[in-house]
Amino acid sequence: MIYRLMLFFPISVTCLSSEMVIRDIGSRWELFVDDWLIERKEGVHFKLHHPIPREIAMTFDKPWEGNTCGYVTVFEDEGIFRMYYRGSDHDPESWRETHPEFTCYAESKDGIHWAKPELGLFEFNGSKRNNIIWQGIGTHNFTPFKDKNPDCPSEARYKALGRGEGGLYAFQSPDGIHWELMRDEPIITKGAFDSQNLAFWDEVRECYVVFYREFREGYRDIMTSTSKDFIHWAEPRFLDYGNAPLEHLYTNAIIPYFRAPHIYLGFPMRFFPERKKVISGGLSDGVFMTSRDGIHWHRWLEAFIRPGPISERWVHRNNMTVWGILLTKSDLPGAPGELSIYSSEGYPGKDNRLRRFTLRIDGFVSLYGDYQGGEFITYPLKFKGKELLLNYSTSAGGKILVEILDAEGKPIPGFALDDCLEIYGDEIEGKVQWANNSDLSKLAGRVIRMRFLLQDADLYALRFR
Numbered sequence: 004m005i006y007r008l009m010l011f012f013p014i015s016v017t018c019l020s021s022e023m024v025i026r027d028i029g030s031r032w033e034l035f036v037d038d039w040l041i042e043r044k045e046g047v048h049f050k051l052h053h054p055i056p057r058e059i060a061m062t063f064d065k066p067w068e069g070n071t072c073g074y075v076t077v078f079e080d081e082g083i084f085r086m087y088y089r090g091s092d093h094d095p096e097s098w099r100e101t102h103p104e105f106t107c108y109a110e111s112k113d114g115i116h117w118a119k120p121e122l123g124l125f126e127f128n129g130s131k132r133n134n135i136i137w138q139g140i141g142t143h144n145f146t147p148f149k150d151k152n153p154d155c156p157s158e159a160r161y162k163a164l165g166r167g168e169g170g171l172y173a174f175q176s177p178d179g180i181h182w183e184l185m186r187d188e189p190i191i192t193k194g195a196f197d198s199q200n201l202a203f204w205d206e207v208r209e210c211y212v213v214f215y216r217e218f219r220e221g222y223r224d225i226m227t228s229t230s231k232d233f234i235h236w237a238e239p240r241f242l243d244y245g246n247a248p249l250e251h252l253y254t255n256a257i258i259p260y261f262r263a264p265h266i267y268l269g270f271p272m273r274f275f276p277e278r279k280k281v282i283s284g285g286l287s288d289g290v291f292m293t294s295r296d297g298i299h300w301h302r303w304l305e306a307f308i309r310p311g312p313i314s315e316r317w318v319h320r321n322n323m324t325v326w327g328i329l330l331t332k333s334d335l336p337g338a339p340g341e342l343s344i345y346s347s348e349g350y351p352g353k354d355n356r357l358r359r360f361t362l363r364i365d366g367f368v369s370l371y372g373d374y375q376g377g378e379f380i381t382y383p384l385k386f387k388g389k390e391l392l393l394n395y396s397t398s399a400g401g402k403i404l405v406e407i408l409d410a411e412g413k414p415i416p417g418f419a420l421d422d423c424l425e426i427y428g429d430e431i432e433g434k435v436q437w438a439n440n441s442d443l444s445k446l447a448g449r450v451i452r453m454r455f456l457l458q459d460a461d462l463y464a465l466r467f468r
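For the sequence shown, our numbering begins at 4 and goes up steadily by one.
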């Protein structure tokens with residue numbers, strides 16, 4: 004039996020007016036990484052969740068790699084996970100390069116075990132038996148992506164950005180392995196570019212989007228721009244972090260979340276140049292931020308990935324979150340999968356490497372109510388579908404209840420709080436049920452609100468289906 008100790012306080016509902024915005028969420032997933040859906044809340048708050056450190060996924064131990072490898076990219080491509088990174092090495096005494104920089108490639112079937120194929124493309128020390136895919140302009144921070152633009156020609160199905168003289172240069176490839184410049188001059192010239200600069204095709208907004216390094220008021224920061232053809236770009240703008248203070252954001256790792264591509268997630272490496280723990284040169288950690296338009300961001304000041312107990316992570320330019328999130332299998336029985344996120348450690352030591360971290364699907368942030376209970380009410384919204392799914396987790400004694408209201412805030416008969424069957428457990432796609440009728444088809448397209456009651460429970464995301 005679930006004890007009803009929830010101390011709820013009735014929340015007033017604003018009456019619908021002609022000026023009020025109605026959230027049309029269709030049948031897409033909505034993540035509770037911001038308050039976009041929430042009009043009122045009482046006794047609940049947003050909780051940032053932290054990835055769990057796992058095994059070493061990659062050690063940069065080949066002769067053409069070394070202690071200063073970095074700027075890593077990963078993405079899934081038709082059942083194969085691809086990884087791209089800079090191969091570089093510096094003498095620890097003189098800090099001079101021991102060999103030229105290269106762009107290297109690895110692949111995996113599970114996101115845990117990575118292979119470095121012998122591609123035979125570029126020579127190192129008299130041999131082409133290596134995984135080098137590019138040498139020359141752009142190798143310092145060569146950052147590829149697979150272009151999802153339906154009008155993209157086959158010879159440019161893969162694209163990349165890399166820093167060269169005067170700005171960012173554009174590259175193309177038909178297979179992600181064999182690369183060439185798209186033009187001989189840079190396509191973006193306004194910026195600093197001394198970081199991992201990235202771009203992608205935004206399927207929702209139907210344009211290319213770029214995020215890259217520039218300096219603002221003495222801080223390392225991020226600019227963005229858009230393009231229809233990947234060559235000609237609009238005037239760039241700095242990101243707006245609201246009330247968050249300026250901090251050194253060394254990288255950005257911004258990506259549309261694959262389960263909700265209308266939401267951008269960012270994973271900058273935050274840099275504190277004045278701090279010292281193991282050696283001089285500053286300290287870093289990984290932070291999290293999110294946006295719905297690419298310009299206005301909510302940036303958590305609490306670290307997403309802390310350096311942790313490994314001393315090598317308390318050295319400058321570690322804890323750099325790799326660009327890309329992979330959906331991988333979980334080792335927990337019955338789990339539907341997990342998100343794999345990668346972060347650097349051991350820079351600039353002899354065991355420069357990447358560690359894998361895992362997170363539940365959609366599990367970046369939740370709305371949390373403690374055992375005393377809390378609740379929130381959504382803005383007016385419209386949806387498509389006939390059932391409501393939740394990504395949630397409760398304790399054995401916790402629960403979630405859902406009430407559907409009309410536009411004026413009155414419970415709809417059959418979907419009131421007392422009709423809802425208690426929701427408890429831990430599910431990625433748990434179905435909400437009411438006693439007499441769980442089919443929401445007759446409410447689809449109608450303006451409604453929802454009231455959620457949370458007791459010792461986390462709510463990560465919802466979707467109508």
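Glycine included, every Cβ here is placed at the ideal spot set by N, Cα and C.
In this text, all values refer to a predicted model and were calculated from it rather than measured experimentally.
Alpha-carbon to alpha-carbon, residue j and residue i
i: residue 268; j: residue 262; result: 11 Å
i: residue 164; j: residue 74; result: 12 Å
i: residue 343; j: residue 216; result: 25 Å
i: residue 197; j: residue 323; result: 14 Å
i: residue 354; j: residue 265; result: 38 Å
i: residue 248; j: residue 308; result: 19 Å
i: residue 456; j: residue 206; result: 34 Å
i: residue 235; j: residue 106; result: 25 Å
i: residue 143; j: residue 340; result: 34 Å
i: residue 91; j: residue 221; result: 28 Å
i: residue 146; j: residue 68; result: 17 Å
i: residue 427; j: residue 259; result: 30 Å
i: residue 32; j: residue 465; result: 6 Å
i: residue 357; j: residue 23; result: 47 Å
i: residue 459; j: residue 117; result: 39 Å
i: residue 11; j: residue 321; result: Caution is warranted here: a pLDDT of 44 is assigned to residue 11, below 50, making its placement in the model unreliable, and the coordinate value is therefore given only provisionally. So the two alpha carbons sit approximately 45 Å from each other.
i: residue 246; j: residue 252; result: 16 Å
i: residue 395; j: residue 329; result: 21 Å
i: residue 85; j: residue 387; result: 35 Å
i: residue 368; j: residue 282; result: 33 Å
i: residue 214; j: residue 306; result: 21 Å
i: residue 189; j: residue 326; result: 22 Å
i: residue 151; j: residue 53; result: 30 Å
Range of the contiguous beta strand (DSSP E) that encloses residue i
i: residue 223; result: 222 to 230
i: residue 127; result: No beta strand (DSSP E) holds residue 127; DSSP gives it neither H nor E.
i: residue 42; result: 41 to 45
i: residue 185; result: Where residue 185 is concerned, there is no enclosing beta strand (DSSP E), given that its DSSP letter is neither H nor E.
i: residue 145; result: From DSSP, residue 145 is part of no beta strand (DSSP E); its letter is neither H nor E.
i: residue 57; result: 55 to 62
i: residue 135; result: 135 to 138
i: residue 253; result: That residue, residue 253, is in no beta strand (DSSP E); it is neither H nor E in DSSP.
i: residue 112; result: Premise fails: residue 112 is in no beta strand (DSSP E) and is neither H nor E.
i: residue 77; result: 73 to 80
i: residue 259; result: 258 to 260
i: residue 265; result: 263 to 269
i: residue 26; result: 26 to 29
i: residue 176; result: 170 to 176
Among the options, the one whose alpha carbon lies nearest that of residue i
i: residue 304; options: 186, 50, 397 and 142; result: 50
i: residue 172; options: 160, 191, 159 and 155; result: 191
i: residue 65; options: 176, 448, 101 and 188; result: 101
i: residue 110; options: 89, 79, 156 and 127; result: 79
i: residue 26; options: 459, 451, 462 and 458; result: 451
i: residue 431; options: 29, 34 and 24; result: 34
i: residue 439; options: 349, 200 and 418; result: 418
i: residue 209; options: 149, 306 and 154; result: 154
Residue i classed as buried or exposed, judged by whether at least 16 other C-beta atoms fall within 10 angstroms
i: residue 286; result: buried
i: residue 391; result: buried
i: residue 335; result: exposed
i: residue 4; result: In this prediction, residue 4 has a pLDDT of 30, which is less than 50 and means its spatial position is unreliable; nothing more can be read from the coordinates.
i: residue 98; result: exposed
i: residue 218; result: exposed
i: residue 224; result: buried
i: residue 132; result: exposed
i: residue 316; result: buried
i: residue 375; result: exposed
i: residue 271; result: buried
i: residue 403; result: buried
i: residue 95; result: exposed
i: residue 461; result: buried
i: residue 448; result: exposed
Cβ-heavy atom distance, residue i to the ligand MG, below 8 Å
i: residue 442; result: Although the ligand MG was asked about, the structure shown includes no ligands whatsoever.
CB contact below 9 Å: residue i versus chain B
i: residue 424; result: The structure shown contains no chain B; it holds only a single protein chain.
**OP:** Jot down the residue ranges of each uninterrupted alpha helix (DSSP H) in the region 289 to 376, minimum 4 residues, whole runs only, in chain order.
**Re:** none
**OP:** Run through the region 407 to 461 for me and flag every whole alpha helix (DSSP H) of 4 or more residues, listed as ranges in chain order.
**Re:** none
Subject >> Ordered list of beta strand (DSSP E) runs contained in the region 196 to 221, each at least 3 residues >> reply: 201 to 205 and 210 to 219
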